[in-house]
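Notes to accompany the following structure.
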Amino acid sequence: MTQPSHDIIRGAQVAMSRLADRNTPFIFNEWYVAAFSDEVGRFLLKRTLLGKRVILYRTEAGNPVVMDDRCVHRSYPLSAGQLDGDTVVCGYHGLRYDASGDCIEAPAVAKCPKNIGVRTYPLAERGPVIWIWMGDPALADESKVPALPWMMDSEWAGAKGYYDLKSSYVYLHENLLDTSHLSYMHANTIGSPDYVKAPTTSEMGEGRFALVRTVSPTKLPPVWGKPTGLDGVPTASRIVRNEFLTPALYEVTTRLYDSALAEGERPEFLIKVAHMATPATHNTTHYFIYLGRDFAQTDEAATQFMATNFFKAFDEDVVGLSLLEEVIAEQGDDLYEISIASDALGVAMRRYLKGRADQEAKDKENAPPSTGAGFPQVVMMQQS
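Everything in the sequence shown is counted per the UniProt record's numbering, starting at 1 for the first residue and increasing by one.
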């Protein structure tokens with residue numbers, strides 16, 4: 001059996017060093033999904049986002065709040081405390097924090113020191129999701145929150161889901177952009193034998209990477225065919241646009257129709273999926289999914305059928321990526337992977353992520369030292 005030569009292995013490792021992977025620093029200056037809107041309520045929800053422990057809750061007015069899950073006094077997790085009105089009370093010594101993160105009461109002393117508190121983060125609630133900015137607050141621009149109007153459109157029906165993915169978000173994005181695996185990993189769900197050979201076009205620019213695959217004519221798998229009435233039609237067309245939009249967001253748009261009918265006379269069906277990836281740690285990811293369609297909006301049976309069958313496919317990815325992560329971790333410094341032509345878009349995307357992460361780390365390194373204002377490490381509290 002032919003084994004790759006030392007030079008080939010070394011060349012592959014050098015090429016991989018230029019790509020984002022499970023060890024690449026997080027990109028903080030980006031809007032990520034913190035939670036689905038209906039996850040956050042009048043209780044303390046703890047979550048790890050980009051390596052940071054935080055808590056989320058809603059004020060009595062319904063506004064979402066997120067802050068570090070650590071009391072500044074003795075680092076006790078605030079998630080082990082309680083929500084009292086709009087304030088969070090630490091379960092260790094009773095320090096109380098308002099929704100802006102300021103400490104407003106320390107029961108053991110006469111007066112709480114000024115200008116101490118926990119960090120809060122900018123949030124933007126858009127339809128079914130709450131977005132968070134964990135980078136430089138001065139750069140948090142709500143106009144840059146990803147626009148997904150179809151998720152809030154009454155003319156669309158939707159279903160959502162969540163996975164605690166045991167893999168890096170980098171590999172999730174690459175998996176989504178690499179649609180050639182549908183004929184194999186998803187052979188019994190959303191894939192078909194002809195999918196891998198179907199013609200593609202690719203687009204790159206300004207941090208966006210898209211692959212368009214045209215499968216026509218084809219017989220659609222039931223997950224596509226049954227809800228649209230195209231099941232068993234041999235002349236169906238399936239046009240799929242897979243697009244990396246940000247380090248936190250990937251969108252898939254599928255257009256389905258019968259190519260035997262003239263354009264303008266045939267019904268066309270749109271199905272969209274938003275894949276929202278928020279790193280928890282370097283090898284775990286909060287994977288939020290929203291599945292939408294512009295037809296049969298009030299048909300609950302169609303909603304249930306599509307959700308059940310699409311999420312079977314997503315289950316396959318989640319299992320596959322966890323297996324991938326295990327092998328990569330075991331290989332350590334001996335890991336090498338050899339890319340092929342169909343990987344070009346995914347490789348470019350990973351190179352982009354690596355560049356973003358490296359630049360952000362460099363900017364932090366060159367930033368002037370923090371004065372620590374507002375978050376002193378040692379504060380002597382005067383007793384009553």
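Where is the CB? At the ideal position from N, CA and C, for every residue including glycine.
For clarity, every value in this text was computed on a predicted model and none was experimentally measured.
- Within a 10 Å sphere around the beta-carbon of S237 sit 16 or more other beta-carbons, which makes this residue buried.
- Distance from the CA atom of T228 to the CA atom of E300, rounded to whole angstroms, is 14 angstroms.
- Note on I27: 16 or more other CB atoms within 10 angstroms of its CB, so buried under the neighbour-count rule.
- Excluding the 5 residues flanking it on each side, A329 has same chain C-beta neighbours closer than 8 angstroms at R22 and N283, in chain order.
- Counting along the chain, V54 sits inside the beta strand (DSSP E) bounded by residues K52 to R58.
- In this structure W150 does not touch W31 by the C-beta definition: roughly 18 angstroms separates them, more than the 8 angstroms allowed.
- Here N283 carries a coil assignment [DSSP, helix/strand/coil].
- Contact check for T189 against L211 fails: the beta carbons are separated by 9 angstroms or more.
- Burial state of Y250 is buried, judged by a 10 Å Cβ sphere holding 16 or more other Cβ atoms.
- A straight-line Cα-Cα distance of about 42 angstroms links A277 and A108.
- Q82 is bridged by DSSP to V89.
- Separation of the CB atoms of T214 and T48 is rounded to 40 angstroms, and the pair is thereby denied contact status at 8 angstroms.
- Following the DSSP letters along the chain, one finds N175 inside the alpha helix (DSSP H) bounded by residues Y169 to L177.
- Straight-line measurement puts the Cα of D333 at about 32 angstroms from the Cα of N242.
- Segment contact: the region 310–321 against the region 154–168, three or more CB-CB distances shorter than 8 angstroms; contact assigned.
- With fewer than three CB-CB distances shorter than 8 angstroms, the region 345–352 does not count as touching the region 256–273.
- Taking 8 angstroms as the upper bound for CB-CB distance, L50 and P279 are in contact here, some 5 angstroms apart.
- Taking all protein chains in view, the Cβ of D84 is surrounded by fewer than 16 other Cβ atoms within 10 Å, so the residue is classified as exposed.
- Here N366 carries a helix assignment [DSSP, helix/strand/coil].
- Secondary structure of H181 (DSSP, three-state): helix.
- Apart from sequence neighbours up to five positions away, the residues of its chain that approach L245 with a beta-carbon distance below 8 angstroms are P146, R208 and E251, ordered along the chain.
- A Cβ-Cβ contact shorter than 9 angstroms links R293 with G158.
- For the pair S322 and R18, the Cα-to-Cα distance works out to about 23 angstroms.
- Looking at the DSSP output, Y195 shares a beta bridge with no other residue.
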